[in-house]
Amino acid sequence: MKFIKASSELSADELLSVIRDNEFVNRNVKFESYTPEMHVRRSKKDPSKVRITCEMKNTATKDNGFLVGTYFSGKFKEKNGVTYLKGYIATAPVYHLVLIALLAFFVYRCVTLGAFNPTPVILAVFDVFMFWREFKKRGMIERYIYRAFRKAEEKKNKRV
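Residues in the sequence shown are numbered from 25 upward in steps of one, following our numbering.
Following this line, the structure appears as structure tokens:
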């Protein structure tokens, strides 16, 4: 889990319009053989809440966001003319809660039986290999948010 805190002097609506514009934010950014596309959703109940998911385009394999996938969940707050976006980035939280419970159970059984079991090690290695692309999305979402804030400020400065 990664925590994000970004700020700008623009309003939340202006920032959200820039964050939703993938082409504008990713202009002049070089990617490997894939292109990340951010899907931004604003909560209908609380318009200050926002959720961003990342989907890899132009890849050889289908990107299905297994068990929720990687997402950013945050909230806009405006205070003293400054807009803050605070939130966190999580990767497959449902899967990882089950995996942590399973690993804790295996470690408990190893201690109570007084024997070593390679299963926890194998599960941990499997987890890293299985979710390598999902873990990479954390950094992509983080950089995307900061780049969107920076480009929104640049856009504002060009207007003035």
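Heads up, the beta-carbon is just placed ideally off N, CA and C, and yes, glycines get one too.
Item: Short check: CB of M25 to CB of Y168, under 8 Å?; Value: no
Item: Looking only at its chain, what residues have a beta carbon closer than 7 Å to the beta carbon of E158, apart from the 5 residues adjacent to it on each side?; Value: G93, T94, T115 and A116
Item: Does DSSP classify K32 as helix, strand or coil?; Value: Rather than Lys, the amino acid found at residue 32 in this sequence is Ser. Strand at S32.
Item: Taking K160 as part of the alpha helix (DSSP H), name the residues at either end of that continuous run.; Value: W156 to R183
Item: Take K175 and list the residues in its own chain whose beta-carbon comes closer than 7 Å to its own, dropping the five residues that flank it on each side.; Value: V42, F48 and V49
Item: Return the residue from the list M154, L109, T136 and N141 that minimises the CA-CA distance to E33.; Value: L109
Item: On the criterion of 16 or more Cβ atoms from any shown chain inside 10 Å, does I146 qualify as buried, or is it exposed?; Value: exposed
Item: In chain order, what residues of the same chain have a beta carbon less than 8 Å from the beta carbon of V106, not counting five sequence neighbours either side?; Value: S31, S32 and E33
Item: Am I right that R66 and V53 are in contact with their C-beta atoms under 8 Å? What's the rounded C-beta distance?; Value: About 24 Å separates the two Cβ atoms, so there is no contact after all.
Item: May I have the straight-line CA-CA distance separating G111 from T59, to the nearest angstrom?; Value: 24 Å
Item: Assign I113 to buried or exposed, taking buried as 16 or more other Cβ atoms, counted over all protein chains shown, within 10 Å of its Cβ.; Value: buried
Item: List the whole-angstrom C-beta distance separating L127 from P144, where the pair is believed to meet the contact cut-off of C-beta under 8 Å.; Value: 5 Å
Item: P142 bridges to which residues according to DSSP?; Value: Partner(s): none; P142 has no beta bridge.
Item: So L39 and F130 are supposed to be a Cβ contact under 8 Å. How far apart are they, rounded?; Value: Wrong, their Cβ atoms sit about 45 Å apart, outside the cutoff.
Item: If the criterion is Cβ atoms closer than 8 Å, does the pair F96 and I28 meet it?; Value: yes
Item: Where do the N-terminal and C-terminal ends of the beta strand (DSSP E) with Y108 fall, by residue?; Value: V106 to T115
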